[in-house]
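Those protein sequences? They're chains X and H, same order as listed.
Using this note's numbering, read the first sequence as starting at 11 and increasing by one per residue.
Using this note's numbering, read the second sequence as starting at 12 and increasing by one per residue.
Positions of the beta carbon are idealized from the N, C-alpha and C atoms, including for glycine.
Quick notes on the structure that follows.
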Amino acid sequence: MLLFVKLLAPVLAGGLAGAVTMYGVVSSQTSTPDNNPANQQILTYGD
Amino acid sequence: MRGEGRWRGLLLDGWPLLLAVLLTLPLLTRTGHPLARDLVFVPHQPWTDATLGLGGSAPRAVPLDAAVSLLTAHLLDGGMVARVSIPLILAVAGWGAHRLVCDLGLVARLASGGLAVWNPYVVERLALGQWALLTAYAALPWLVVAAHRYRESGAIRDLGATTGWLALASLTPTGGVMGGVAAAIAGFGRASSGVRLLLVVLALQLPWLVLSFLGSASLTSDPDGVPAFAADAEGPGGPLTALFGLGGVWDSRSVPGSREGWWTVAGAVVAVLALVAGWRGLRRVWGRPLFTRVVVLGGLGLALAALPVLPGGEALLTSIVERVPGGGLARDSQKFLAPYVVLVVAALAATVDRVAQRAATVGPELVAAVALVAVPLPLLLVPDGTSLVWKTVDPVHYPSGFDAVAEVIDGNDRTVVTLPWRSYRAFSWGHGLVSSDPAVRWFDTDVLVSDELAVGSRTISGESPRAAALGADLVRLPVAAALRAHGVRWALVYRDDPDAGSLDLDGLRVVYEDDDMMLLETPGATAGPPSVSAARRGAALASYGVAGVVALAGILAANWRRRNAPRDRATLL
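Okay, here's the thing in structure tokens:
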């Protein structure tokens with residue numbers, strides 16, 4: 011229990027935080043869009 | 012102890028500032044001026060009738076444009092003002108949030124300061140370029156504390172602090188309404204002090220109220236704006252899930268990729284869990300009166316944001332927008348989510364504090380583990396917060412043509428229109444994002460532009476009858492005939508617009524041209540813009556004067572004597 015609290019818990023928490031952040035950043039930046047956005051010029055205020 | 016306190020203060024204020032700097036990094040590291048979506052800064056914004064809100068458009072940027080013009084017309088560069096104000100606004104939101112829970116421990120306060128800066132609401136609205144709305148959001152925690160203190164003490168200095176923060180929130184009509192309601196709910200108590208507070212709230216809203224009723228723009232708005240600007244889903248669970256998770260902006264192009272999947276549901280679960288787990292803790296540290304008022308305020312914000320997606324809500328809001336003067340303020344109702352965001356931020360702090368207290372009974376190492384999860388939690392919830400915001404805040408370099416055109420048209424009291432006739436444009440020298448037309452803020456003359464908004468497949472009509480009439484004639488008549496019929500002397504054509512080539516410019520005389528733009532003169536168009544009567548101008552200036560004096564008096568009163576009560580009574584875990 012003491013080993014878990016003093017050593018493993020902080021490492022697990024930090025590792026988890028880092029892994030989730032990295033996954034989020036990488037997946038959101040590398041996912042392929044359905045259409046090539048360069049094919050159409052967007053001139054609307056929003057969508 | 013003093014050294015320890017200083018380090019704690021640096022940490023508490025440094026973490027939100029670091030996140031604010033990270034969120035706006037391209038603005039701070041690159042040269043130029045921000046121009047994307049609603050975020051438009053020009054080098055020097057002149058002081059014109061339109062700046063005061065006396066142009067033909069609805070006074071949506073009153074008194075914001077006047078404030079920016081005061082700073083940039085002769086004194087500072089607009090890019091510099093943007094670089095200082097936008098990161099500072101975000102940091103102020105975080106600083107206010109951790110002070111709102113100053114009785115909690117360090118880890119909890121760090122979590123609240125960070126989440127106030129980095130959350131879906133801030134990220135999405137900043138991606139949309141709505142920095143002035145975020146000014147009101149940033150003022151909310153401070154405003155609530157100041158108004159609550161005023162309710163308790165009735166002291167003029169507390170009324171002064173309330174006035175100062177409400178003045179900041181009131182840079183736009185939306186912020187003014189949101190801040191005014193927050194001040195009233197948090198600060199209304201005894202009748203005598205309540206009346207003073209009410210007078211302050213009204214005085215600070217005078218500029219946009221007076222200009223709404225004096226202006227030529229319609230007081231009601233196109234009801235088609237209600238479904239177009241309604242809160243939207245951002246993944247599984249629909250719009251309500253997105254709203255509970257602090258997002259739900261109407262514009263899908265302002266939603267980060269991580270919010271388009273199950274991560275949205277995770278965010279909503281975290282927010283609701285924080286509210287449930289932090290409920291008792293917040294009531295304990297705030298006391299029942301403040302707690303109740305902040306919960307009511309947050310609940311109202313959530314309800315208004317969700318109104319268009321609730322049964323019968325769209326019809327009710329449509330009726331308000333269509334019939335009630337100024338009801339158009341409510342059509343993009345998701346922006347009123349701000350008080351709910353503040354409530355969730357505080358509840359998260361109370362939850363983290365509860366967990367950290369429990370962990371402290373086991374050992375300091377477990378507190379460190381809690382901190383490792385809680386402090387970067389905002390980054391976990393929106394890991395790609397920068398992906399869209401960086402594109403919006405990335406500054407551009409304006410082409411030299413703007414200055415060349417300004418030399419010709421500035422100060423001659425004639426009207427210029429920008430063509431092709433549309434309100435939002437994508438410039439080839441920009442970053443590909445659409446933006447509001449910078450000409451409106453660049454030239455020292457009457458600039459007439461379309462105020463119709465194209466949202467998806469919908470077109471939302473504007474409020475200016477003059478712009479609507481010219482827009483209709485530009486469809487019906489050749490450009491020269493339409494401009495002559497409306498007494499428009501100048502036409503600024505953006506040559507990079509996809510429709511520029513199809514404009515029939517026969518009968519117009521080219522005065523200036525380069526690769527980016529072309530200035531043409533309409534022969535025979537001698538009439539100037541509609542004149543502003545002395546009474547209208549006087550009433551507008553008087554409203555600005557009253558609001559300015561009240562705001563200044565409030566700031567002076569707040570700083571007249573330092574408070575004796577300790578400002579920061581946090582305990583260090």
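Item: Which one of H:Leu81, H:Leu75, H:Leu179, H:Asp243 has the shortest CA to CA distance from Trp219 (chain H)?; Value: H:Leu75
Item: Apart from the five residues on each side of it in sequence, which residues of its chain come closer than 7 Å, Cβ to Cβ, to Leu359 (chain H)?; Value: Ala122, Ser123, Leu126, Ala285, Gly289
Item: Using a C-beta cutoff of 7 Å, does Gly34 (chain X) count as contacting chain H?; Value: yes
Item: From the DSSP output, read off the bridge partner residues of Trp501 (chain H).; Value: H:Val427, H:Glu532
Item: Would you check if the distance between the CB atom of Arg365 (chain H) and the CB atom of Gly412 (chain H) is smaller than 7 Å?; Value: no
Item: Classify Phe454 (chain H) as buried or exposed, calling it buried when 16 or more other Cβ atoms lie within 10 Å of its own Cβ.; Value: buried
Item: Do Pro449 (chain H) and Val51 (chain H) count as a contact pair if the criterion is CB distance below 7 Å?; Value: yes
Item: Using the DSSP secondary-structure output, state which residues sit across from Leu464 (chain H) in a beta bridge.; Value: H:Ile471
Item: Can you say whether Arg295 (chain H) is buried or exposed, counting buried as having 16 or more other CB atoms within 10 angstroms of its CB?; Value: exposed
Item: Kindly indicate which three-state DSSP category Ala317 (chain H) falls into: helix, strand or coil?; Value: helix
Item: With DSSP as the reference, please indicate the residues paired to Ser447 (chain H) in a beta bridge.; Value: H:Tyr435
Item: The beta strand (DSSP E) spanning Pro45 (chain H) covers which residue range?; Value: 44-47
Item: Alpha carbons only, please: which of H:Ala550, H:Ala149, H:Asp235, H:Val281 is nearest the one belonging to Gly467 (chain H)?; Value: H:Asp235
Item: Which term fits Trp18 (chain H), buried or exposed, when burial requires 16 or more other beta carbons within 10 angstroms of its beta carbon?; Value: exposed
Item: Assuming the contact rule is C-beta atoms closer than 8 Å, Ala502 (chain H) and Thr533 (chain H) should be a hit. Round their C-beta distance to whole Å, please.; Value: 7 Å
Item: For Ala29 (chain X), decide whether its Cβ has a neighbour in chain H, counting only Cβ atoms nearer than 7 Å.; Value: no
Item: Which one of H:Ala551, H:Pro476, H:Trp432, H:Asp527 has the shortest CA to CA distance from Ser513 (chain H)?; Value: H:Trp432
Item: Can you have a look at Gln440 (chain H) and say buried or exposed, based on whether 16 or more other CB atoms are within 10 angstroms of its CB?; Value: Per the sequence shown, residue 440 (chain H) should be read as Trp rather than Gln. By the 10 Å Cβ count, Trp440 (chain H) comes out exposed.
Item: Please return the same chain residues whose Cβ sits closer than 6 Å to the Cβ of Pro577 (chain H), not counting the five positions on each side in sequence.; Value: Low per-residue confidence applies at Pro577 (chain H): pLDDT is 46, beneath 50, and the placement is therefore not dependable, though the value from the model is reported in the following sentence. Within the same chain, Pro577 (chain H) has no close Cβ partners at all.
Item: Just curious, the beta strand (DSSP E) that Arg520 (chain H) is in, first and last residue?; Value: 520-524
Item: In chain X, which residues lie with their C-beta within 7 Å of the C-beta of Ala433 (chain H)?; Value: Before going on, a small fix: residue 433 (chain H) reads as Arg here, not Ala. Within 7 Å Cβ-Cβ: Leu53.
Item: Per DSSP, what kind of secondary structure is Gly186 (chain H) in: helix, strand or coil?; Value: helix
Item: Where does Pro406 (chain H) fall in DSSP's three states?; Value: strand
Item: Quick one: any contact between the segment 308-323 of chain H and the segment 170-177 of chain H, if contact means 3 or more CB pairs under 8 Å?; Value: no
Item: Is it true that the CB of Ala150 (chain H) sits closer than 7 Å to the CB of Pro27 (chain H)?; Value: no
Item: Asp24 (chain H) by DSSP, collapsed to three states: which one?; Value: helix
Item: Using the Cβ count rule (16 or more neighbours within 10 Å means buried), how would you classify Tyr505 (chain H)?; Value: buried
Item: Opposite Leu459 (chain H) in the DSSP bridges: which residues?; Value: H:Val428
Item: Compare the beta carbon distance of Ala143 (chain H) and Thr183 (chain H) with 7 Å and say whether it is the shorter of the two.; Value: yes
Item: Within 10 Å of its beta-carbon, does Arg495 (chain H) have 16 or more other beta-carbons around it, so buried, or fewer, so exposed?; Value: buried
Item: Is there at least one Cβ from chain H nearer than 7 Å to Gly24 (chain X)'s Cβ?; Value: yes
Item: Answer with buried or exposed for Leu390 (chain H), where buried requires no fewer than 16 other C-beta atoms within 10 angstroms of its C-beta.; Value: buried
Item: Using a Cβ cut-off of 7 Å, which residues of the segment 361-381 of chain H contact any Cβ in chain X, in chain order?; Value: Val373, Gly374, Glu376, Leu377, Ala379, Ala380
Item: Is there a C-beta anywhere in chain X that falls below 7 Å from the one on Gly467 (chain H)?; Value: yes
Item: Note down, in chain order, all residues in the segment 274-285 of chain H with a beta-carbon under 9 Å from any beta-carbon belonging to chain X.; Value: Trp274
Item: Please return the same chain residues whose Cβ sits closer than 8 Å to the Cβ of Glu271 (chain H), not counting the five positions on each side in sequence.; Value: Glu245, Gly246
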